[in-house]
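In full-length UniProt numbering, the protein residues as written are 1 to 450.
Idealized CB from N, CA, C, for every residue including glycine.
The block underneath contains the structure these notes are about, expressed in C-alpha cells.
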C-alpha cells in the first residue's frame, strides 16, 4: 500500500519529498484524503483515486482540489488542471448551463488531462475500453489539432528564422522563383518539417537538461516535456518528411536527395547523441550546428542556382557559431547542473561573453571589408551593442533573467527578419556584376553604376 498510496497525481513526485513539503505547508491534517478505493491482488488490481475532497466543519465546507507536480510539470498546465478539477464544486453555485454541453466539455477535458498526466508519468502505452471495443494506441486519445500544435511547439518557431534565412540566401533578387512550386515547397520544408526533425532529436537528447531550463516552455523557444510525450511526436515528424523528400527526389534526383537527407540526419545524430562531438562537449559544440549550412545546397539544387561565394559561406559560419555561443550563455546554469561540458560551462559566463564579443567584433570587421551593404554592417554592429548592454546591465555571475533573454531574442528576431528582407531585395550576397544585372529599377542601389 505504501507503493500505491499516495499516487504522484495526488501529492507529486518524489513522494517522500512531496509529503514532507505538504506537511510543512499545511497547518492541518488531511485525514482520509484521496485514498485508493478498490482491490489489489497477486493477479491484478482495479482501483480509483478521489482527487477532489471536502472537509465539513459545522456549517462551513472547505473544498479541495489539486494537481500532482512531477518532473517536467508545467505550472500553467497544472493550474489549468486544478481549475478544471474544482469546476464540479464551483458549478454548484452559479446557474447551470446546458447539461449536454457540460458533459461533452467535461469528457473532452478529462480525456486530454488523462493523456497528459500519463505522459508526464512516463507511461508510454495504456489500454482504453469503450463498450465492446478496446484500443491501446495512446496517440488516438490525443486530438489531431493538439498533436499538430505540439509538433509546432517542438519545431521552435522562433528559430525558423535560421533555416529560412539559409534557404533564401542564394535566391536573392531571383523574382521568377516566386512562380515555381519547388521554391515554395523548399521554403515550407525548411521552416517546419526540417526544424521539427532537428529539434525533436535535440529535445529527446536533452530531457534532463530542458526540465530545468527557464528559457524553454513556451510556444516560440521550445517545449519542456517528458520523453514519453516527445515520442508521440515522432510519427508526425516522420510523416512530415515523406512528401517533401519524395518531391525533392523527383526534382533533384533520388540519390542526391537521399545523400542530402542522410547528411542532415547524421549531423543531427552526432550533435545530439555523439560521445565526444555532441552538444555536451567543447569545442565541437560550437561547430556541429554548422550542419544548418546543408540548407544552402538544398536551396541551390531545388532552384537551379550556383553555390554562394566564399565570403558568404564565411559570414554564415560566423552567424551560426555566434548564435550558438550566445544561446549557451543563456543556458549556462541549467547546462552546468545537468553536467554538460560545453564551451560556455568550461569558460564561465564572463569569459564566454568575452569570447562572444570577440566573435562579434571579428564578424563586424569581416562584414565591413567583404560586403558593401549597410544592412549587414548595421546588424553586426547592433548585435555587438546589444551584447555590451546585456553585460553592462545584467548580472555579472549569473545568466540573464528570462525577461532579459526574451528582450534579446525579440531584438535579434525582428532585426533578423528585417535584414532578411533587405538582403533578399538588394541581393547582398550576390557578386556585384550579377547583382547589378538583376537589380530592379524600383530598388535603387548606389553601388551599381549603369
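| query | result |
| --- | --- |
| I need the straight-line Cα distance from residue 130 to residue 164, nearest angstrom please. | Reliability of the predicted coordinates at residue 130 is poor, the pLDDT of 46 falling under 50, and the value obtained from them is presented with this limitation in mind. Going from the Cα of residue 130 to the Cα of residue 164 covers about 46 Å. |
| Tell me whether residue 343 counts as near the ligand ZN, meaning its Cβ is closer than 7 Å to at least one heavy atom of that ligand. | Looking for the ligand ZN in the displayed structure turns up nothing, as the structure carries no ligands at all. |
| At the level of alpha carbons, what is the spacing between residue 366 and residue 349? | 25 Å |
| If you measure between the beta carbons of residue 220 and residue 292, is that distance less than 8 Å? | no |
| Whole angstroms is fine: what's the gap from residue 170's alpha carbon to residue 82's? | 51 Å |
| Would you give the residue range spanned by the alpha helix (DSSP H) that residue 60 belongs to? | No alpha helix (DSSP H) contains residue 60, which is instead part of the beta strand (DSSP E) from 60-65. |
| Assign residue 235 to one of two classes, buried (16 or more other C-beta atoms within 10 Å of its C-beta) or exposed (fewer than that). | exposed |
| Do you know how far the Cα of residue 325 is from the Cα of residue 136? | For residue 136, the predicted structure reports a pLDDT of 40, less than 50, and the residue's modelled location is therefore unreliable. A value from the coordinates is still provided. Approximately 44 Å between the Cα atoms of the pair. |
| Go ahead and label residue 271 buried or exposed: buried means 16 or more other beta carbons lie within 10 angstroms of its beta carbon, across all protein chains shown. | buried |
| Rounded to the nearest angstrom, what separates residue 167 and residue 44 at their Cα positions? | 56 Å |
| Measure from the C-beta of residue 389 to each C-beta in chain C and report whether the shortest distance is under 8 Å. | Although the question refers to chain C, the structure presented lacks it and comprises just one protein chain. |
| If I'm right that residue 399 touches residue 329 with Cβ under 8 Å, what's the distance once you round it to whole angstroms? | 7 Å |
| In three-state DSSP terms, what is residue 283? | coil |
| Between the C-alpha atoms of residue 15 and residue 205, what's the straight-line distance to the nearest angstrom? | 26 Å |
| Whose CA, out of 249, 373 and 196, lies closest to the CA of residue 223? | 196 |
| If contact is defined by three or more beta carbon pairs under 8 Å, each pair taking one atom from either stretch, is the stretch 368-381 in contact with the stretch 415-422? | yes |
| Grouping DSSP H, G and I as helix and E and B as strand, with all else coil, what is residue 221? | coil |
| Label residue 61 either buried or exposed according to how many other C-beta atoms from any shown protein chain fall within 10 Å of its C-beta, with 16 as the threshold for buried. | exposed |
| In whole angstroms, what separates the C-alpha of residue 233 from that of residue 192? | 13 Å |
| Taking the DSSP output, what are the residues bridged to residue 52? | 65 |
| I need the DSSP call for residue 388, collapsed to helix, strand or coil. | helix |
| Could you check where the alpha helix (DSSP H) with residue 267 kicks off and where it finishes? | 254-273 |
| Within the stretch 171-206, note down every full alpha helix (DSSP H) run reaching 4 residues or more, in order along the chain. | 181-191 and 193-205 |
| Cα separation between residue 369 and residue 258? | 38 Å |
| Using only the alpha-carbon positions, how far apart do residue 413 and residue 427 sit? | 20 Å |
| Excluding five sequence neighbours on each side, which residues of the same chain lie with their C-beta closer than 6 Å to the C-beta of residue 380? | 363, 364 and 367 |
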